[in-house]
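*Asks:* Be aware that the sequence shown starts at 835, since it is given in my numbering, and climbs by one per residue.
The beta carbon of each residue, even a glycine, is placed where N, CA and C say it ideally should be.
Since this is a predicted model, take the numbers as computed values, not measurements.
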Amino acid sequence: MIKKDRTKKRNKIKKHIKKTISGTTEKPRLAVYRSLKHLYAQLIDDTKGNTIAYVSTRSKEVVEDLKDKKGRIEQAKIVGLKLAKKALEKNIQQVVFDRSGYKYHGKVKAIADGAREGGLVF
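1. Can you name, in chain order, every residue of its own chain whose Cβ lies under 6 angstroms from the Cβ of R844, other than the five neighbours on each side?
2. Hey, G905 and G948 are a contact pair by Cβ (cut 8 angstroms); roughly how many whole angstroms apart?
3. Under 7 angstroms Cβ to Cβ from G940, same chain only, skipping five residues before and after it: list those, please.
4. Take F931 and list the residues in its own chain whose beta-carbon comes closer than 7 angstroms to its own, dropping the five residues that flank it on each side.
5. Is G914 near the ligand SAM, going by C-beta to nearest heavy atom under 7 angstroms?
6. Pair every Cβ in the stretch 880 to 888 with every Cβ in the stretch 841 to 859, then say whether three or more of these pairs are closer than 8 angstroms.
7. In chain order, what residues of the same chain have a beta carbon less than 8 angstroms from the beta carbon of E860, not counting five sequence neighbours either side?
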C-alpha cells in the first residue's frame, strides 16, 4: 500500500518536472533512474527525442570500475563521471538535471556530483 502511494507521488512530481524542464541539442537533459539493483543516467535531446549518451551500472565500461567499489553511492559517482566523459567527447559542457521525481539525496546527488566532477555544468 505504501509502495503504491510513494510511486504514485513520484510519478506526479516527475510529470510536473517534465513540463518545466526540457533539453536541447546544446544543453540536453540529464535524466536519472534508479531501480532496486541498478542506476541509469542518460542525456536526452527533447527537441529531436534522441538519447545522446547513456551510462548505467550495467554498462561494460562501468562494471569494470565497480568491482572495487562496494557502496552504492560510490557506484553512483562513477556513473556520473563516465556520463560526463561521454558528454565531453560529444562537445557537451552544459546540461539540465532531471531528478525524475526522486529526492536530491544519496545516489541521485552522487550522480550529479560525479557529473560535475567530470566537467559538466548544471
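*Replies:* Result, derived from the coordinates:
1. Counted from its first residue, the sequence shown places residue 844 at position 10. Cβ within range, chain order: G935.
2. For the purposes of this step, residue 905 is taken as the residue at position 71 of the sequence shown. For the purposes of this step, residue 948 is taken as the residue at position 114 of the sequence shown. With 8 angstroms as the limit, G905 and G948 do not qualify as a contact, their Cβ atoms being about 13 angstroms apart.
3. As a working mapping, residue 940 is identified with position 106 in the sequence shown. I907.
4. Here residue 931 corresponds to residue number 97 of the sequence shown, with the count starting at 1. Cβ within range, chain order: L864, A946, F956.
5. For the structure depicted, the ligand SAM is absent and the ligand set is empty, with no information on it obtainable.
6. yes
7. Taking the sequence shown and counting its residues from 1, one reaches residue 860 at position 26. Around E860: I926, Q928.
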